[in-house]
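Read top to bottom, the protein sequences are chains A and B. Quick note, in this note's numbering, the first sequence goes up one by one and the last residue is 441. Quick note, in this note's numbering, the second sequence goes up one by one and the last residue is 441. Structure record follows, encoded as structure tokens.
Number of protein chains: 2
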Amino acid sequence: MTENEMREFLTKAKKAARILAAADGGARSRAIVKMAEMIEAREAAILAANAEDIEAARSAGLTEAMIDRLALSPKRIGEIARGLREIAALRDPLGEIQDGWITEDNLKIEKVSAPIGVVGVIYESRPNVTADVAALCLKSGNAAVLKGGKEAAKTNKAIENALQAALQAVNLPADSAALLPDGSREAVAVLARQSGYLDLIVPRGGEALIKFVSEHARVPIVKHDKGVCHLYLHESADYEMSEKIAINAKVQRPSACNAIETLLIDRRIAAEFLPRLAKAFAAQKTELRGCEETRGVVAGIRAADESDWSAEYLENILAIRVVSGLDEAIAHIAKFGSGHSEAIIAQNYAAIERFLAEIDAACVYANASTRFTDGGRFGFGAEVGISTNKLGARGPMGIRELTTYKYKIYGAGQTRK
Amino acid sequence: MTENEMREFLTKAKKAARILAAADGGARSRAIVKMAEMIEAREAAILAANAEDIEAARSAGLTEAMIDRLALSPKRIGEIARGLREIAALRDPLGEIQDGWITEDNLKIEKVSAPIGVVGVIYESRPNVTADVAALCLKSGNAAVLKGGKEAAKTNKAIENALQAALQAVNLPADSAALLPDGSREAVAVLARQSGYLDLIVPRGGEALIKFVSEHARVPIVKHDKGVCHLYLHESADYEMSEKIAINAKVQRPSACNAIETLLIDRRIAAEFLPRLAKAFAAQKTELRGCEETRGVVAGIRAADESDWSAEYLENILAIRVVSGLDEAIAHIAKFGSGHSEAIIAQNYAAIERFLAEIDAACVYANASTRFTDGGRFGFGAEVGISTNKLGARGPMGIRELTTYKYKIYGAGQTRK
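Shown next, in the form of structure tokens:
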């Protein structure tokens, strides 16, 4: 796509965004319910398109894990439709009066939530994201520009057809949710440069994608840089809980950005806990890498070097470091953490409150797995992405995070002195 | 400054930011009160430094208007100290529980305000900004990296000395508020690239400065792109109020970004209002440029061309366009407005509410001058800048806008299924 073609495409999205911003919440929610109905009604067409994508993926030699991410079934289509209905049922995030006051000039100011405008989301293979993101954007009055993985192109197109048919059925513009017509990397680079036409870009995927979009972006970007998450076992930690959460946070889905990469443990409990933990991880085939002290109590594991503390393995590998206490744990996380999700296991109230207050991350957990950093688990219905930004959305990004605000000022003829 | 020198400098600021984030609100407020006392105690030294800057400015041939912006006096120093005490007295913006709920997994989630980290602010000549920004950042738990105008270098240094003496007197790190040691444009470019060291950059000044920083920024940036603000006179407008507000919004300080550039007026009242308005503006020596219809009722003014509708004059020039009604006014502003401040004058309730709801701008006014878009007038004590961003801070940026948030999640051993 040339610069001009992109601008033409985005101008249509911008026009749709203006109509959505002025539409009432009921109309936006009804459109999402209609989307769910259309997805169900067109199940056969969507599955046929998906079968073509899967066949092409097999010929191209994609792994079974990748094909599983891509594959739809009547059950998964039902889940997509149910997800849309959940989003439709959420409270309207627009027009919320977040604050209000009277100034010294006797102006009445209201701070009111408002849509962002045109939101571009770049994602990888799971085709349910197409429907989720379109619905989250619509619910929050934004137009969505979608770019899914190449391997899901036909499936995404079939879903887009259903979504746009639903929009037209309720007299909202079809351009409210549109796939980028050109799925190339170059088109993504052109898109990311369109300040004035695109209000926000969200790269949702692996490090390479995020880096690529960051390098080209001239529009605001919401992303997570990396997911280097820690689990810290305080000396007051319960052992059973520590084991259960450590295994879950590392093993349940190592490829997720909210899985842990490093376990920190207090010196006072290391000799007691670490051998038992090592045994539990061995049963999960987790590769452990330890600091000197760790290797002193757990035989036969590889030495962790400096690069391990900042590694995002995204695999079933865990680095372990013994620390002298809370201060050293907080300092380690401040140095190596990526500001995503950090957890403490402890019974000590003061230690928990200090950890939660002082750790600078989107999500800080006491006595729970970091794997809960997720729009669905947070109760947001779904998520556009997870952010480690400190400007705008932070953490899981649902409909409220897809809004900005404006100040409405009600006067009676005031002029500035 | 080399890349390495900059990183060393920012590492000290980052360390200070961690200490500020953990300090309680009382300590941060007491430090600001101490800053006010130190500014007063060192009045003679600050005025002496200022006299040197003014002399250099005179030799360099700066205009009297620029010298007036630069000049301090005992009265202005008193105002700086009073401003600091006002900021100290504001409610602590940190640790505010903005939302809280229990999830389906029985996790208790709290959304809590938190500091951003290290904030860089680039500004021009007024030296009071040095104290204002340092105090706003300190109140919100952020470390401030300051870069003022070259012409105010000695004054800013004297103010920095007072601020840092205050910080040390209350045992907070002097690096909490520090001037960039190198005031060159190149140093600003190096600063703007330091993602991982700097969390936010705010260019506060003219279009050239903002453009320069935007081009180099690899860290999140808060800025206003332009201030193309409109005043729309609806057919239900009161004439006296319209004249008073139009004159104030254009003439009181034409160089401000919240001054209007274009006046839109309904056709039904144009023949009655425009000749009277033209006379009022003539008394203010305002240059008017009009559309065809405007020129039909006001003789002898220059024709506005397409470029006038998007011009930010920053001078005593006003473009005037006759519109058919609210729809055309909203469409004009959507096309040409910069999302800063937009105003309607009307008595009609429905017209006012539609204008405030549909115009996409940081501040939308009914029956008041756009000149109120200002942290001080909003009641924020002062402002770091005014933003037309839709991600993060929008409009005047005070202490609450210098915060992000994090989620604190309280569990009882939950793991992800």
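A virtual CB, placed ideally from N, CA and C, is assigned to each residue, including glycine. Computed from a predicted model, the values in this text were never measured in an experiment.
Below 8 Å on the Cβ atoms is my guess for residue i versus residue j; work out the distance and round it to an integer in Å.
i: leucine 108 of chain A; j: isoleucine 63 of chain A; result: 7 Å
i: alanine 168 of chain A; j: serine 200 of chain A; result: 7 Å
i: histidine 360 of chain B; j: valine 252 of chain B; result: The amino acid occupying residue 360 of chain B in the given sequence is phenylalanine; histidine does not appear at that position. With 8 Å as the limit, phenylalanine 360 of chain B and valine 252 of chain B qualify as a contact, their Cβ atoms being about 6 Å apart.
i: alanine 198 of chain B; j: leucine 191 of chain B; result: 5 Å
i: serine 471 of chain B; j: alanine 370 of chain B; result: Residue 471 of chain B lies beyond the residue range present for chain B, which begins at 25 and ends at 441; the question has no answer from this structure.
i: proline 244 of chain A; j: leucine 426 of chain B; result: Not confirmed; about 18 Å, so no contact.
i: alanine 358 of chain B; j: arginine 42 of chain A; result: 7 Å
i: lysine 171 of chain B; j: isoleucine 146 of chain B; result: 5 Å
i: alanine 436 of chain A; j: asparagine 272 of chain B; result: Alanine 436 of chain A to asparagine 272 of chain B, Cβ: 14 Å. No contact.
i: arginine 82 of chain A; j: isoleucine 70 of chain A; result: In fact, because the Cβ distance is near 19 Å, the residues do not count as touching under 8 Å.
i: threonine 412 of chain B; j: histidine 248 of chain B; result: 4 Å
i: glutamate 336 of chain A; j: lysine 250 of chain A; result: 5 Å
i: isoleucine 78 of chain A; j: leucine 94 of chain A; result: 6 Å
i: proline 151 of chain B; j: asparagine 180 of chain B; result: 6 Å
i: glutamate 382 of chain B; j: alanine 46 of chain A; result: 5 Å
i: threonine 3 of chain A; j: valine 275 of chain A; result: For chain A, the structure presents residues 25 to 441; residue 3 of chain A sits outside this window and is missing.
i: alanine 385 of chain A; j: glycine 363 of chain A; result: 5 Å
i: leucine 301 of chain B; j: glutamate 339 of chain B; result: Wrong, their Cβ atoms sit about 18 Å apart, outside the cutoff.
i: alanine 211 of chain A; j: leucine 204 of chain A; result: 6 Å
i: tyrosine 256 of chain A; j: phenylalanine 297 of chain A; result: That belief does not hold up - the Cβ atoms of tyrosine 256 of chain A and phenylalanine 297 of chain A are roughly 12 Å apart, past 8 Å.
i: arginine 418 of chain A; j: tyrosine 429 of chain B; result: 6 Å
Name, please, each residue of chain B whose Cβ falls closer than 9 Å to the Cβ of residue i.
i: serine 171 of chain A; result: In the sequence as presented, serine is not what sits at residue 171 of chain A; that position holds lysine. Simply none; closest approach about 20 Å.
i: glutamine 276 of chain A; result: Thr439, Arg440, Lys441
i: proline 205 of chain A; result: The contacting residues do not exist; proline 205 of chain A stays about 25 Å from chain B at best.
Mind pulling the chain B residues with CB within less than 8 Å of residue i?
i: glycine 141 of chain A; result: Asp384, Lys414
i: alanine 46 of chain A; result: Ala381, Glu382
i: phenylalanine 297 of chain A; result: Neighbours of phenylalanine 297 of chain A on chain B: none; closest Cβ ~16 Å, over 8 Å.
i: arginine 115 of chain A; result: None at all; the shortest Cβ gap to chain B is about 12 Å.
i: lysine 58 of chain A; result: Ordered by position in chain B, no residue passes the 8 Å Cβ test against lysine 58 of chain A, which lies about 24 Å from the chain.
Along chain A, which residues have their Cβ under 7 Å away from the Cβ of residue i?
i: serine 393 of chain B; result: Gln438, Thr439, Arg440
i: glycine 435 of chain B; result: Tyr389, Ala390, Asn391, Ala392
i: arginine 42 of chain B; result: Ala358
Identify the contact partners of residue i in chain A, using a Cβ-Cβ distance below 9 Å as the criterion.
i: valine 321 of chain B; result: Per Cβ cutoff of 9 Å: no residues; valine 321 of chain B is ~24 Å from chain A at best.
Mind listing the chain B neighbours of residue i? Cutoff is C-beta to C-beta under 7 Å, in chain order.
i: isoleucine 225 of chain A; result: In chain order: nothing, as chain B lies at least about 10 Å away.
i: proline 197 of chain A; result: Within 7 Å Cβ-Cβ: nothing; proline 197 of chain A doesn't reach chain B, min ~15 Å.
i: leucine 131 of chain A; result: Ala392, Phe396
i: asparagine 272 of chain A; result: Thr439, Arg440
i: lysine 432 of chain A; result: Leu380, Val388
i: threonine 127 of chain A; result: Arg401, Phe402, Gly403
Can you pull the chain A neighbours of residue i, defined as C-beta to C-beta under 8 Å?
i: leucine 301 of chain B; result: Per Cβ cutoff of 8 Å: no residues; leucine 301 of chain B is ~15 Å from chain A at best.
* To do: Specify whether the region 274-292 of chain A and the region 387-399 of chain A touch according to this definition: at least 3 beta carbon pairs, one from each stretch, less than 8 Å apart.
  => As far as the Cβ criterion goes, the region 274-292 of chain A touches the region 387-399 of chain A, which means the pair count is three or higher.
* At 3 residues or longer, and completely inside the region 291-320 of chain A: list those beta strand (DSSP E) runs for me, N to C. => For the region 291-320 of chain A, whole beta strand (DSSP E) runs of length 3 or above, ordered along the chain, are 311-314.
* Within the region 114-180 of chain B, ranges of the alpha helix (DSSP H) (whole runs, at least 4 residues) -> As far as the region 114-180 of chain B is concerned, its whole alpha helix (DSSP H) runs of at least 4 residues are 152-163.
* Per the contact definition of three or more C-beta pairs closer than 8 Å, is the region 239-246 of chain B in contact with the region 211-219 of chain B? -> Yes: the two stretches touch, three or more of their Cβ pairs being nearer than 8 Å.
* Contact list for the region 253-268 of chain A against chain B, Cβ threshold 9 Å -> In summary, the residues of the region 253-268 of chain A whose CB is separated from some CB of chain B by less than 9 Å are Asp262, Glu264, Met265, Lys268, in the order they occur in the chain.
* If you pair each beta-carbon of the region 153-160 of chain B with each one of the region 119-129 of chain B, do three or more pairs fall below 8 Å? -> Judged by Cβ distances under 8 Å, the region 153-160 of chain B makes no contact with the region 119-129 of chain B, as fewer than three pairs qualify.
* Asked: Do the region 220-232 of chain A and the region 136-148 of chain A meet, that is, are 3 or more Cβ pairs less than 8 Å apart?
  -> Remark: three or more beta-carbon pairs, one from each stretch, lie closer than 8 Å, so the region 220-232 of chain A and the region 136-148 of chain A are flagged as touching.
* Asked: Listed from N- to C-terminal order along the chain, which residues in the region 211-223 of chain B have their beta-carbon within a distance smaller than 7 Å of any beta-carbon of chain D?
  -> Considering every chain present, this structure includes no chain D. Its protein chains are A and B.
* Asked: Just by C-beta distance, which residues in the region 144-159 of chain B are closer than 9 Å to chain A?
  -> Of all residues in the region 144-159 of chain B, none has a Cβ within less than 9 Å of some Cβ in chain A.
* Output, in sequence order along the chain, the residues in the region 353-378 of chain B whose CB is closer than 7 Å to any CB in chain A. => Correct list: Ala358.
* To do: Mind listing, in chain order, the continuous alpha helix (DSSP H) runs of no fewer than 4 residues lying wholly within the region 34-67 of chain A?
  => If we require 4 residues or more, the alpha helix (DSSP H) runs fully inside the region 34-67 of chain A come out as 49-65.
* What alpha helix (DSSP H) runs, 4 residues minimum, are completely inside the region 372-434 of chain A? -> Counting only runs of 4 or more residues that sit fully inside the region 372-434 of chain A, the alpha helix (DSSP H) segments are 373-382, 399-402, in chain order.
* Asked: Quick check: the region 282-296 of chain A against the region 339-347 of chain A, are there 3 or more CB pairs under 8 Å?
  -> Segment contact: the region 282-296 of chain A against the region 339-347 of chain A, three or more CB-CB distances shorter than 8 Å; contact assigned.
* To do: Give, in chain order, every unbroken run of the alpha helix (DSSP H) that is at least 4 residues long and sits entirely within the region 253-289 of chain B.
  => Listed in chain order, the complete alpha helix (DSSP H) runs (minimum 4 residues) inside the region 253-289 of chain B are 263-275.
* To do: Return the residues of the region 401-427 of chain A that lie within a Cβ-Cβ distance of less than 8 Å from chain B, sorted by chain order.
  => Within the region 401-427 of chain A, the residues whose Cβ lies closer than 8 Å to some Cβ of chain B are Arg401, Phe402, Gly403, Asn413, Lys414, Leu415, Gly416, Ala417, Arg418, Gly419, listed in chain order.
* To do: Taking only runs that begin and end inside the region 171-246 of chain A, name each unbroken alpha helix (DSSP H) of 4 or more residues, in chain order.
  => Correct list: 177-193, 209-216, 231-240.
* Asked: According to a CB-to-CB cut-off of less than 7 Å, which residues of the region 58-81 of chain A neighbour chain B?
  -> For the region 58-81 of chain A, which is checked against every Cβ of chain B, not one residue is closer than 7 Å.
* Near-chain A residues of the region 314-341 of chain B (beta-carbon distance less than 7 Å), N- to C-terminal order -> Listed by position along the chain: nothing, the set is empty.
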